[in-house]
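Just below is one structure, and these are the notes that go with it.
Number of protein chains: 2
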Amino acid sequence: MAATDQEGGQREAILDAAFGRFAHYGYRRTSLGDIAEAAGLSRPALYHYFHNKEDVFRALAQRINRGVVEAVTAAAQREGDTLARLTAVVEARVGWAFDLLHASEHGRELIDEKNRLCGAAGADTNAEFAALLERILARGEARGEISLASVAMSPREAALFLIDSVEGVIGKETVEAAARHRLRILTQLFVGGLRVPAG
Amino acid sequence: MAATDQEGGQREAILDAAFGRFAHYGYRRTSLGDIAEAAGLSRPALYHYFHNKEDVFRALAQRINRGVVEAVTAAAQREGDTLARLTAVVEARVGWAFDLLHASEHGRELIDEKNRLCGAAGADTNAEFAALLERILARGEARGEISLASVAMSPREAALFLIDSVEGVIGKETVEAAARHRLRILTQLFVGGLRVPAG
DNA sequence: ATTGAGATTGACATTTTTCGTCTAAAACGT
DNA sequence: ACGTTTTAGACGAAAAATGTCAATCTCAAT
Chain A
1 MAATDQEGGQ
11 REAILDAAFG
21 RFAHYGYRRT
31 SLGDIAEAAG
41 LSRPALYHYF
51 HNKEDVFRAL
61 AQRINRGVVE
71 AVTAAAQREG
81 DTLARLTAVV
91 EARVGWAFDL
101 LHASEHGREL
111 IDEKNRLCGA
121 AGADTNAEFA
131 ALLERILARG
141 EARGEISLAS
151 VAMSPREAAL
161 FLIDSVEGVI
171 GKETVEAAAR
181 HRLRILTQLF
191 VGGLRVPAG
Chain B
1 MAATDQEGGQ
11 REAILDAAFG
21 RFAHYGYRRT
31 SLGDIAEAAG
41 LSRPALYHYF
51 HNKEDVFRAL
61 AQRINRGVVE
71 AVTAAAQREG
81 DTLARLTAVV
91 EARVGWAFDL
101 LHASEHGREL
111 IDEKNRLCGA
121 AGADTNAEFA
131 ALLERILARG
141 EARGEISLAS
151 VAMSPREAAL
161 FLIDSVEGVI
171 GKETVEAAAR
181 HRLRILTQLF
191 VGGLRVPAG
């Protein structure tokens, strides 16, 4: 167990170093030698923990994805009406992306790389995200706050629709504050369009 | 003349791009292809204006050196007593280095590279700097504000001594504010130690 | 003390990137 | 139209990064 712990610690240390390098220099310009040096071991030693650069990046993306899932799940626990809950979850989902990727100057390259290398893992995260949204929407409908019948969508379809919209919005806008603003508007429009007419 | 102007403009544009890349990625990690792309031309075209990467860097360092000389010369024009004048010149000298190099994360690498590639040009800049300091010290002595006799130095020797001290101080300290503070103290001690005893 | 499993490294061949140059074509003024 | 200057595609040479190996080191378990 002690050995495993140490190995896990080393992996984490390497991922920390890798994140620093990737965020700073971008994926292409970061070599495994750089990461190894930053992590305080030799390059061959690094191969004991990861197969190659892609593997390091994939592991890093997965770690980040876990963080996203945690943040989103926590946000989903919060109370409030459907709009408030959707907004909280969407912000949690996107906030991580901004804090961790867009905040660096190489966010776009890193996101592209992530899409290229870990489409599957990203899909898992999105599935979690979609499930939460779906639940919130279904509950909103049960409460009578929104009506999905007006757009002839199931909660699942509506959740996937919202996710695609979110990705479109954050994909185009690179300035964090502007993107957050657009996200809030998107969520408001979304919920507003589904709102059950008063009366 | 028009052709020359355009060529000069292109050179400047390339140097602008190069500065951005060097400051961001450091010397080693920046390729001529990167610079060419940032400058908006092809890599072979860049060779029309510069021989190689070292040549680009040298030209950039010279441009910066010219800026330093201008700033220092301007500072030397200001009025005040010997301490004020010395402080102004030293700050002007070092401020450029910080604004342009230490401000980026690769300041140390770039400074090392500059020392390696353009020791001569740097010497010229330092000579200008030394001449200004020497003049200020000589004038301070003529005014009776300081006495170099107490340390048995000529104004030139004292100027070179101060320069070496300045370089030592800024060489060790990487945080800009801290380095500026240390420089002010250094100058104060220097002048204070030379001050003619009252009476 | 010895053993053995995991961790680490220097060294090597291979692959990828970068460099510097050459040549041909486009842009430009005359 | 002509010559000059500027530009980019292409190519071999040089440098850097990659992935792998045998050899060494560490250290807990016996």
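As they're listed, the protein sequences go chains A and B. Residues in the first sequence are numbered from 1 upward in steps of one, following the UniProt record's numbering. Residues in the second sequence are numbered from 1 upward in steps of one, following the UniProt record's numbering. In this text, a Cβ means the ideal position worked out from N, Cα and C, and glycines have one as well.
Sequence-distant partners of Arg93(B) (beyond 5 residues in either direction) whose C-beta falls short of 6 angstroms from its own C-beta, in its chain, are Val72, Phe129. The beta carbon of Arg156(A) sits no closer than 7 angstroms to any beta carbon of chain B. From the beta-carbon of Arg29(A), the residues of chain B found nearer than 8 angstroms are Tyr25, Arg29. Where Arg63(A) is concerned, the enclosing alpha helix (DSSP H) starts and stops at 53–77.
Looking only at Ser42(B), Arg78(B), Ala18(B), the smallest Cα-Cα distance to Asp55(B) is reached by Ala18(B). Three or more beta-carbon pairs separated by less than 8 angstroms link the segment 173–190 of chain A to the segment 74–90 of chain A, which places the two stretches in contact.
For the 7 angstroms CB-CB criterion, Leu133(A) and Ala159(A) form a contact. DSSP places Arg195(B) in the strand class (E or B) of the three-state scheme. About 4 angstroms separates the beta carbon of Thr30(A) from that of Arg21(A), a gap short enough to meet the 8 angstroms contact definition.
Ranked by Cα distance from Val166(B), the first of Arg180(B), Ile35(B), Ala23(B) is Arg180(B).
Given a length threshold of 4 residues, each whole run of the alpha helix (DSSP H) inside the segment 113–164 of chain A is given here in chain order: 119–143.
Exposure of Val151(A) is indicated by the presence of fewer than 16 other C-beta atoms within 10 angstroms of its C-beta. In the three-state DSSP reduction, Tyr25(A) falls in the helix class (H, G or I).
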